[in-house]
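Chemist:
Chains as they are written, first to last, in this note's numbering: chain E, 22 to 364; chain V, 39 to 363.
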């Protein structure tokens with residue numbers, strides 16, 4: 022198996038556009054990132070920033086029409102998924118790259134027994150016989166902590182609670198031991214205690230199997246707790262890309278700073294909650310400048326006129342901003358002064 | 039500004055979830071069955087249909103064993119004495135259990151013929167409905183799932199077929215492929231009726247599939263690498279089952295009525311076989327003198343159609359999620 026300097030997935034300049042009556046929506050516009058083997062990468066952003074479309078593009082499931090991947094490369098284990106025939110991609114889906122969806126209530130087929138849905142995976146990809154597949158399904162359900170798995174496997178999805186269904190989804194996604202797991206907001210539809218359990222489960226299974234994970238979320242807490250690297254997306258672009266620790270300690274982009282500020286800090290008396298002013302832009306009419314400029318505190322005339330550069334702040338930290346260096350230095354200074362103040 | 043992650047307290051052992059208590063679930067079907075049983079008319083319909091079906095099936099051999107009559111047995115000696123006898127009357131006019139529905143113009147037992155008619159009418163209804171089910175469900179599901187231009191083309195074809203007067207289409211089909219044998223004619227009838235009654239089924243299924251295909255479980259199935267035909271027929275079609283069953287139950291009486299109509303016109307079932315429609319056609323020739331020859335097959339058919347319609351309505355209410363309380 023070719024090893025491309027430890028990179029399992031390399032997304033280069035990916036562009037996915039949607040045609041609509043109002044014009045072309047550039048849902049994903051020139052995204053690049055890499056996922057190393059065993060790494061967890063978080064993708065954060067507001068609704069409509071292109072997180073989910075990025076990931077649907079990776080397994081080529083963008084609804085087409087109206088969507089279309091118009092450019093870029095998606096190198097998975099050295100092979101460009103965008104150039105593979107459909108049949109090959111289908112063999113990769115579920116086998117080597119699998120997905121967990123946001124809403125466990127709707128992502129299981131209500132008319133199929135849990136066991137059948139799990140068995141379908143391994144029968145399809147690993148060539149299991151019925152009995153092998155059933156045993157494997159029971160083992161997977163036990164792994165994700167479904168008590169009394171053998172009997173519960175015969176149940177239908179509506180007999181499971183939300184948290185248990187998400188466990189089933191995870192069992193399904195991991196049943197072929199994929200190299201890459203894409204979790205698209207896996208906890209958004211669950212309540213907080215279940216969220217913690219599910220995240221802990223993903224973390225544990227990831228350690229056991231060495232799977233790489235792409236975690237899509239708009240919950241910054243989840244990103245901080247789960248990921249090695251983080252990507253901040255806005256308007257179909259990568260705004261900031263950094264190791265998670267660094268991103269939280271010293272953000273190099275005004276948008277990231279805004280996002281971090283809008284997380285309520287339970288230890289500080291805040292009064293009014295901070296929010297980034299304005300709304301995400303209409304992706305059909307983006308000006309030539311920075312898409313975040315109208316909402317940005319730091320914006321100057323140049324931001325409206327010119328598209329910002331993707332600045333490299335240090336070895337692994339990139340930011341899309343005209344003033345990236347300045348913002349980065351400001352964040353660093355703030356961090357060290359707070360650190361000195363004993364926070 | 040530093041923000042640490044909100045503290046995640048892991049709720050105990052990950053492998054022991056708090057929502058593990060077992061609740062005895064009721065399946066959709068059990069639930070629907072219970073609601074169906076609450077509907078008196080539907081239950082009555084179910085009982086009547088069951089009684090007529092069972093007696094049509096086991097009746098003829100019993101009659102043969104007790105009286106020696108079959109649907110095409112005609113007494114050969116002194117036929118005129120046995121012709122057109124009223125119900126419960128023997129050849130000499132006295133009371134007799136021999137022919138509870140009387141005899142027809144050829145001296146055949148009407149009860150035996152009505153039972154045979156029941157077999158054939160129900161068979162036509164059910165087989166034609168199955169034919170329409172297979173064509174309609176596959177056609178509608180494929181059109182709905184593939185969508186786009188394929189869908190438009192396929193559904194325009196349905197529109198075109200819809201606009202043809204279907205009974206004339208069936209008459210043309212039956213006349214064109216006229217079979218020499220009675221059984222051949224029957225098979226032709228199945229095919230012809232099935233071939234025109236799948237259109238509405240296709241539309242219903244397509245509509246269902248259109249809304250189902252955007253659900254996340256379909257995306258999830260695609261994301262696990264399932265092939266398109268399997269997604270359509272294993273993942274989507276079972277989810278359309280509720281409306282399909284309801285419509286199928288309502289198709290059976292419609293098809294039976296069409297068959298009766300065709301047989302009444304002499305295009306459908308040919309003697310010596312009989313259906314309720316052809317029996318009614320024979321009966322109407324002498325309605326003023328021997329009314330029972332029309333009344334018995336007519337009433338049996340009307341009763342069956344009523345019951346099937348009530349049953350279909352009951353099923354619709356029982357399987358409609360919006361009616362769920």
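Built from N, CA and C at the ideal position, the CB exists for glycine as well. Model, not experiment: these values are computed from the prediction.
So, for residue 312 of chain E: in the same chain, excluding its five sequence neighbours on each side, which residues have a beta-carbon less than 6 angstroms away from its beta-carbon?
Modeler: 256 and 302
Chemist: Is the CB of residue 254 of chain V under 9 angstroms away from at least one CB in chain E?
Modeler: yes
Chemist: How about residue 215 of chain V and residue 226 of chain V: do their beta carbons lie closer than 9 angstroms?
Modeler: yes
Chemist: What is the DSSP secondary structure of residue 75 of chain E, counted as helix, strand or coil?
Modeler: Residue state, collapsed to three classes: helix.
Chemist: Just to confirm my understanding: we take residue 62 of chain V, look at its own chain, exclude 5 residues before and 5 after, and list those with CB closer than 8 angstroms. What are they?
Modeler: Interpretation of residue 62 of chain V is limited by its pLDDT of 47, a score under 50 that renders its predicted location unreliable; the figure taken from the coordinates is listed afterwards. Cβ neighbours of residue 62 of chain V beyond the five flanking positions: none.
Chemist: How many Å lie between residue 59 of chain V and residue 180 of chain E at the Cα?
Modeler: The predicted position of residue 59 of chain V is uncertain, since its pLDDT is 41 and thus under 50; a value taken from the coordinates is nonetheless stated next. About 11 angstroms.
Chemist: Tell me, please, whether the stretch 42 to 54 of chain E touches the stretch 64 to 74 of chain E by the rule of three or more beta-carbon pairs shorter than 8 angstroms.
Modeler: yes
Chemist: Report the three-state DSSP secondary structure of residue 101 of chain E (helix, strand or coil).
Modeler: strand
Chemist: Please confirm whether residue 112 of chain E has its beta-carbon closer than 9 angstroms to some beta-carbon of chain V.
Modeler: Output row for residue 112 of chain E: interface = yes.
Chemist: Are residue 243 of chain V and residue 340 of chain V closer than 9 angstroms when you measure CB to CB?
Modeler: no
Chemist: For residue 261 of chain V, tell me which candidate among E:112, E:174 and E:358 has the shortest Cα-Cα distance.
Modeler: E:112
Chemist: Use the C-beta contact count for residue 252 of chain V: other C-beta atoms within 10 angstroms, 16 or more gives buried, fewer gives exposed.
Modeler: exposed
Chemist: Establish whether the CB of residue 23 of chain E and some CB of chain V are separated by less than 9 angstroms.
Modeler: Confidence at residue 23 of chain E is low in this model, with a pLDDT of 49, below 50, so the placement of that residue should be treated as unreliable; the coordinate-derived value is given next. For residue 23 of chain E, the answer is no, since every Cβ of chain V falls outside 9 angstroms of its Cβ.
Chemist: Specify whether the stretch 186 to 200 of chain E and the stretch 125 to 138 of chain E touch according to this definition: at least 3 beta carbon pairs, one from each stretch, less than 8 angstroms apart.
Modeler: yes
Chemist: Let me know the alpha helix (DSSP H) ranges lying completely inside the stretch 87 to 164 of chain E, each 4 residues or longer, listed in chain order.
Modeler: 107 to 113, 135 to 146 and 151 to 164
Chemist: Residue 115 of chain E versus chain V: which residues are under 7 angstroms apart at the beta carbon?
Modeler: 261, 262 and 263
Chemist: Taking 8 angstroms as the threshold, find out whether the stretch 80 to 90 of chain V comes into contact with the stretch 343 to 359 of chain V through three or more Cβ pairs.
Modeler: A contact exists between the stretch 80 to 90 of chain V and the stretch 343 to 359 of chain V.
Chemist: Interface residues of chain E around residue 70 of chain V at Cβ under 9 angstroms?
Modeler: Contact note: residue 70 of chain V does not reach chain E at a C-beta cutoff of 9 angstroms; the least C-beta distance is about 13 angstroms.
Chemist: How would you list, in chain order, the residues of chain E whose beta-carbon sits under 8 angstroms from the beta-carbon of residue 77 of chain V?
Modeler: Counting only Cβ-Cβ distances below 8 angstroms, residue 77 of chain V has no contacts in chain E at all, with the closest Cβ about 24 angstroms away.
Chemist: Taking only the alpha-carbon atoms, compute the straight-line gap between residue 196 of chain V and residue 278 of chain V and give it to the nearest angstrom.
Modeler: 19 angstroms
Chemist: Could you tell me the alpha carbon to alpha carbon distance between residue 41 of chain E and residue 335 of chain E, rounded to whole angstroms?
Modeler: 39 angstroms
Chemist: In chain V, which residues lie less than 7 angstroms from residue 55 of chain E when you measure between Cβ atoms?
Modeler: In chain order: nothing, as chain V lies at least about 22 angstroms away.
Chemist: Is the stretch 313 to 331 of chain E touching the stretch 269 to 279 of chain E in the sense that three or more CB pairs, one from each, lie closer than 8 angstroms?
Modeler: yes
Chemist: With respect to the beta strand (DSSP E) encompassing residue 177 of chain E, which residues constitute its N-terminal and C-terminal limits?
Modeler: According to the DSSP assignment, residue 177 of chain E belongs to no beta strand (DSSP E), since it is labelled neither H nor E.
Chemist: For the stretch 118 to 141 of chain E, which residues have a CB atom closer than 8 angstroms to at least one CB atom of chain V, in sequence order?
Modeler: 119, 120, 122, 123, 124, 127, 128, 129, 130, 131, 132, 133 and 141
Chemist: Of the choices E:253, E:81, E:138 and E:245, whose alpha-carbon is the least far from that of residue 174 of chain E?
Modeler: Nearest to residue 174 of chain E by alpha-carbon distance, out of E:253, E:81, E:138 and E:245, is E:138.
Chemist: Strictly below 7 angstroms CB to CB, what residues from chain V border residue 80 of chain E?
Modeler: Residues of chain V passing the Cβ test: 261.
Chemist: Rounded to whole angstroms, what's the CA-CA distance from residue 65 of chain E to residue 265 of chain E? Just pull it up for me.
Modeler: 11 angstroms
Chemist: Closer than 6 angstroms by C-beta to residue 153 of chain V: which residues in its own chain qualify, once you throw out the five before and the five after it? Chain order, please.
Modeler: 94, 97 and 98
Chemist: What in chain E is Cβ-close to residue 257 of chain V, meaning under 8 angstroms?
Modeler: 82, 122 and 128
Chemist: Going residue by residue through the stretch 193 to 253 of chain E, where are the continuous beta strand (DSSP E) segments of at least 3 residues, counting only ones entirely within it?
Modeler: 201 to 205 and 233 to 238
Chemist: For residue 73 of chain V and residue 355 of chain V, which I take to be in contact (beta-carbon distance under 8 angstroms), what is that distance rounded to the nearest angstrom?
Modeler: 7 angstroms
Chemist: Taking all protein chains shown into account, decide if residue 258 of chain E is buried (16 or more other Cβ within 10 angstroms of its Cβ) or exposed.
Modeler: buried
Chemist: Within its chain, find whatever has a CB closer than 7 angstroms to the CB of residue 241 of chain V; leave out the 5 residues flanking it on each side and keep chain order.
Modeler: 178 and 196
Chemist: Looking at C-beta atoms only, is the number of pairs between the stretch 155 to 170 of chain V and the stretch 289 to 309 of chain V that lie closer than 8 angstroms three or more?
Modeler: yes
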